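The numbers in the sequence shown follow the UniProt record's numbering, run straight up by one, and end at 786.
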Amino acid sequence: MSQSIAFDTPISLSQNHSQYHDALKRATDAIAPIWPLDQWIAVNPWWGLKHQPIEQISHSLLRRAGQPMTMPAEFYRHAWETGRISPQDLQQAIHQGGYPYSEQSLVGYLTSTPQAVTPLRSAWDTLLGQPGFDALAESCASYFDDHQQRWANYNAPSLYQFWKAAAQHDLRWPKAQRNALQALPQEATAAIEQVAAEWGLTPATFEVLVHTLLLRVNGWASWCQGMEWHSSHRQAEAGITQLAAMVLIWEWLGVSRLTRDQQNEWRVQWQTENNAVPAYYDALWCWQHAYELGYQRGLSITLAMPGQSSQRAPEVQAAFCIDVRSERYRRHLEYAAPAVATQGVAGFFAMPVADVAIGPERAQPRLPGLLKPRYRVGVQNPQQQGVKRYQTESQRQSVRHAKYAPLSTFTLVETTGIAWGWKLIKDSLRKQAPMPQCDVPAGLFHAYDGEPISRQEKVALAMNLLTLLGPLSASLLVLVGHDSQSENNPHHAGLACGACGGQGGGKNARVAAALLNDSDVQQAVKTAGIALPTPFFVLAATHCTLTDRVNVYRDKQMPTALESALLTFESAAKAAGEATRQERAPALGVDESNHIERLKKLAIRGADWSQPRPEWGLVNNAALILAPRSLTQGKTLDGRTFLHDYHPDQDLDGKILEGLMMAPMLVASWINLQYYASTVVPGLYGAGNKLLHSVVGGHVGVIEGNSPQLRIGLPEQALFDGDTLHHEPLRLTVVIDAPKDRIEAIISRQPVVADLINHRWLWLTQMGEKGLERYSSQGWQPIAAS
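Here it is in structure tokens:
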């Protein structure tokens, strides 16, 4: 092994300590977190970079990972030639974006050869025939696997120390390299300081280096970043700083094996890294802008059409999750029964809870991933449920241990093959998956000590939810959570409710309904000034997004006078399900014309363990609308819009709108940008081919084939059917029905919101008399509707 050299004069971190650690923090913050598979939520993979313009981040990614954040030129060429992008869209994009191009030159870029950009290269890229960063990924897979692995890991204090100890005994590497690794400090931060000091890079260059190397193990970097978000107690031992130490030292070992000339070349490339890219890639952003304007123009026309709201007082009000899949169903429900009015609200129904089951399962948060559960949900008959769960898990553990026993290779298949073969046949013969169900909640308790929540806390939760729902005039309120059905699907949680931490929303609906039906709570909210109808009762329900069936959880305490209203809702729900299935089925290749057969075919997809695409999920999501239902009622929005009710006349101080822009808008943006990233940069932010997935660590994530790299984002089958891309990669368009000065005041108060809008991670529009107007730092710009 060649002697590693120091470049220029080594900079001691004791002399420049804070600058280097700040650079390390910026580099690691650029990696977004991910959640476990069973708590899976959509994540914006560029969340830590939102303070920079999206085009700038795209140009950096082109240099650091070899791919920009736009579609290939052929994609925009097809959109242009088929009329999806009109000349009007392109001209407006040039004008509003300030791009220095003419229409003719932009069209020319679509047929020209892409201009080459040399990506930054790791030392291991230069060492032909040598393994790259898979060795680090293997260590991560082993360290974080406390569920599936055959041999228990020794109790290493940290991820870095685990890798360092294991690598010293890895005979794939030369002895000199293993000795050099052994001589490094045992503590991750000290090792980082030593390597950084030896190289003597500037803090800015050091930041670029760390971020680029982390992108080589992006999935595991995202998992380690998630330790701070969902498992903060493990951040010190397994957080992203531990992995940063590993990638830096791995690169240090690679550099030490280069010749002196190669080392100098390696250093020069990091010093010259900048965001200057050929005009070709900048032109693609202009085309992306025009592509998005094409959608916004059509949305503006649709929203400007006269509304079709009912003039009669509703008998039932049904509150659905803002999920885009609810839009179709709500439209058909209101058409089937004008006596039913629908509303949109975040699907966790303002219940910040975790479902702490009695048994071996981990607690499941049922709220957006950016929030922490304050309360836990109890269950009825906990002793009986606990015994049943322990028995089930004990059986699973017995089989798992038998599989990994030393003699299992020779005995397990012969002794249990028939039993497992029958299970496979039985699963294959299942005709339909059952409707999603949830236990009856037995109460709310504090998450930290298990004590029942106080009356004051109950009233506060109720008032918060009622404020978000807006005026209630019907005596029967139905809170409709949603869930999905699928078998043998590691990404099942991605089809459930993102607002419920990847869990079905039925439990949250049941908790909220029980709370609002409490007579003491009802009296308190009335005293506080919130009007409720008389009588007033709340029921919970679950909307299955695979089959579009709605299951209402009936309650014997409901007044008999409301039975007629409930029957009206259930009848309309059945008709709405039939109409929604008819609208959705063609995209899934379900061509049955009979309603009953169509339902059976969709239900079978949820029971089929070999089905890679039970439903399309939130594919093609494009907009969030914060407005009264009257603005969107009766208008076909194609299942592409998140719909959250907002009544500007009841929010003069803007506090409700500020909460919506800081919560539902951020969640919708995370969902939107995960779909966008999985489409435009699938190699880095997509999960690959679902048919090749293996689950790591029971719930950590998936790998593809024999690669140890953790894959994040959405699998190919969630976006592409083999012939057609079903997701249009668009940044989220947010439509707000509120005065412009109210919106501007919130932008000025909330830096996170300002970053997302000013740096074009989403588009913010206001619904005016002449259609949509889009916010920019130069003012409000109308979106041409003709």
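Backbone N, C-alpha and C define an ideal beta-carbon position, used for all residues, glycine too.
The structure presented is a predicted model; accordingly, all values stated were derived computationally and were not measured.
Element boundaries [alpha helix (DSSP H), containing residue i]
i: THR205; result: 203-215
i: PHE569; result: 563-584
i: ARG331; result: 324-336
i: ALA627; result: Per DSSP, ALA627 belongs to no alpha helix (DSSP H); it is in the beta strand (DSSP E), 623-627.
i: THR342; result: Looking at the DSSP string, THR342 is not in any alpha helix (DSSP H); the run it does join, the beta strand (DSSP E), is 340-345.
i: PRO365; result: No alpha helix (DSSP H) contains PRO365, which is instead part of the beta strand (DSSP E) from 364-366.
i: ILE757; result: 751-758
i: LEU134; result: Leu is not the amino acid found at residue 134; the sequence shown has Asp there. Where ASP134 is concerned, the enclosing alpha helix (DSSP H) stretches over 134-143.
i: THR560; result: Element bounds for THR560: n/a, residue is neither H nor E.
i: ASP38; result: Unbroken run through ASP38: none, as it is neither H nor E.
i: ARG64; result: 54-65
i: MET463; result: 455-469
i: TYR101; result: Looking at the DSSP string, TYR101 is not in any alpha helix (DSSP H), and its letter there is neither H nor E.
Where residue i sits in the DSSP three-state scheme
i: GLN96; result: helix
i: VAL166; result: In the sequence on display, residue 166 carries Ala and not Val. Helix.
i: ILE31; result: coil
i: PRO715; result: strand
i: GLN271; result: helix
i: GLU704; result: strand
i: ARG613; result: coil
i: GLN781; result: strand
i: HIS492; result: helix
i: MET767; result: strand
i: ASP645; result: strand
i: SER18; result: helix
i: SER222; result: helix
i: HIS699; result: coil
i: residue 788; result: Limits of the chain in this structure are 1 at one end and 786 at the other, which puts residue 788 out of reach.
i: TYR676; result: helix
i: HIS693; result: strand
i: CYS497; result: strand
i: VAL377; result: strand
i: residue 793; result: No information on residue 793 is available, as it lies outside the stretch 1 to 786 that the chain covers here.
i: GLN503; result: strand
i: GLY688; result: strand
i: PRO452; result: strand
i: LEU184; result: coil
i: PHE75; result: helix
i: PRO68; result: coil
i: ASN517; result: coil
N-terminal and C-terminal residue of the beta strand (DSSP E) that residue i is part of
i: GLN317; result: 316-321
i: SER776; result: 771-776
i: TYR291; result: It is not in any beta strand (DSSP E) - TYR291 instead sits in the alpha helix (DSSP H) that spans 279-304.
i: ASN551; result: 549-553
i: GLY481; result: 476-483
i: PHE445; result: 441-446
i: residue 787; result: For the chain, the structure presents residues 1 to 786; residue 787 sits outside this window and is missing.
i: PHE537; result: 537-544
Proximity test, Cβ basis, 8 Å: residue i and chain D
i: ILE736; result: Structure shown: chain D not included; a single protein chain is present.
CB-CB length for residue i against residue j, believed under 8 Å
i: LYS601; j: VAL590; result: 5 Å
i: MET665; j: VAL552; result: Between VAL552 and MET665 the Cβ distance is about 30 Å, and since that is not below 8 Å, they are no contact.
i: GLY505; j: TRP35; result: So it is not a contact: roughly 17 Å between Cβ atoms.
i: GLU592; j: ARG584; result: Contact flag wrong, Cβ pair sits at about 12 Å.
i: residue 841; j: ILE783; result: As displayed, the chain neither begins before 1 nor continues past 786, which places residue 841 out of reach and without an answer.
i: ARG366; j: CYS500; result: 5 Å
i: PRO715; j: ALA738; result: Contact doesn't hold; Cβ gap of about 38 Å is too wide.
i: ALA513; j: ALA540; result: 4 Å
i: LEU626; j: HIS647; result: Contact doesn't hold; Cβ gap of about 10 Å is too wide.
i: SER486; j: PRO314; result: Between PRO314 and SER486 the Cβ distance is about 34 Å, and since that is not below 8 Å, they are no contact.
i: SER112; j: TYR280; result: 7 Å
i: ASP89; j: ALA290; result: 4 Å
i: residue 787; j: ASN620; result: Coverage of the chain is limited to positions 1 through 786, which leaves residue 787 absent and any answer about it impossible.
i: SER256; j: ALA191; result: Their Cβ separation, rounded to whole angstroms, is 14 Å, which puts SER256 and ALA191 out of contact at 8 Å.
Discussion item. For the segment 488-498 against the segment 26-44, do three or more pairs of beta-carbon atoms, one drawn from each stretch, fall closer than 8 Å, so that the two count as touching?
Written reply: Yes, since at least three Cβ pairs between the segment 488-498 and the segment 26-44 fall closer than 8 Å, the two stretches touch.
Worksheet item: Touching or not, the segment 312-321 and the segment 343-350, by the rule of three or more beta carbon pairs under 8 Å?
Response: Three or more pairs of CB atoms, one per stretch, sit closer than 8 Å, so the segment 312-321 contacts the segment 343-350.
Practice prompt. Count the CB pairs spanning the segment 233-252 and the segment 203-213 that are closer than 8 Å, and state whether there are at least three.
Written response: Segments in contact, yes.
Worksheet item: Going along the chain, which unbroken runs of the alpha helix (DSSP H) with 4 or more residues stay wholly within the segment 716-749?
Response: Uninterrupted alpha helix (DSSP H) stretches at least 4 residues long and entirely within the segment 716-749 occur at 740-749, given in chain order.
Practice prompt. Kindly confirm or deny that the segment 443-455 and the segment 289-301 touch, where touching means at least three C-beta pairs closer than 8 Å.
Written response: The segment 443-455 is not in contact with the segment 289-301.
Item to complete: Flag this pair as touching only if the segment 696-710 and the segment 132-149 have three or more C-beta atom pairs under 8 Å; answer yes or no.
Response: The segment 696-710, when compared against the segment 132-149, does touch it at the 8 Å Cβ threshold.
Worksheet entry | Three-pair Cβ contact test at 8 Å for the segment 46-56 versus the segment 77-94 | By the criterion of at least three beta-carbon pairs nearer than 8 Å, the segment 46-56 is not in contact with the segment 77-94.
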